[in-house]
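Here is the structure we will look at, set down as structure tokens.
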Amino acid sequence: MSDPLIQRLRAQIAQQDRTILTAINERLRLVAELKRHKEAEGLPFADPDQEERLLHALDDANAGPLSREGLRRLFAEILALTKRETS
């Protein structure tokens, strides 16, 4: 496709995808560090109350166009992925 607008938008989308990938990898690293610390202290890893606080804070911070339902689905998957990757 030679349309310059399409090329520019695709390049910007690709950059955002790389930013998301970097952020997810950093999140996984931080959660693994938190898990190691909690295990050393004899604390349970999962904290449903913290997950709910996270979702409420993200709801408050979300200016859209991502819907509330979309945000909750996205972060439910991120939280599930985090648990799988750090177990």
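For the sequence shown, counting from 1, position 80 maps to 81 in this note's numbering; every step adds exactly one.
All residues carry an ideal CB built from backbone N, CA and C; glycine is no exception.
Could you work out which residue in the options is closest to residue i when comparing CA atoms only?
i   : options              : result
S88 : K36, R9, A24 and L10 : K36
T83 : P66, A33 and G43     : A33
Measuring CB to CB, does residue i end up less than 8 Å from residue j?
i   : j   : result
E86 : L31 : no
L80 : E52 : yes
D60 : R69 : yes
Can you tell me which of the three DSSP states residue i falls into?
i   : result
N63 : coil
T87 : coil
List the endpoints of the continuous alpha helix (DSSP H) containing residue i.
i   : result
L31 : P5 to E42
A47 : Run containing A47: none; DSSP gives neither H nor E here.
Quick one: what's got a C-beta closer than 8 Å to residue i's C-beta in the same chain, skipping five residues either side?
i   : result
H57 : none
Q17 : none
Residues in its own chain within less than 6 Å of residue i by CB, not counting five upstream and five downstream?
i   : result
F46 : K36 and K39
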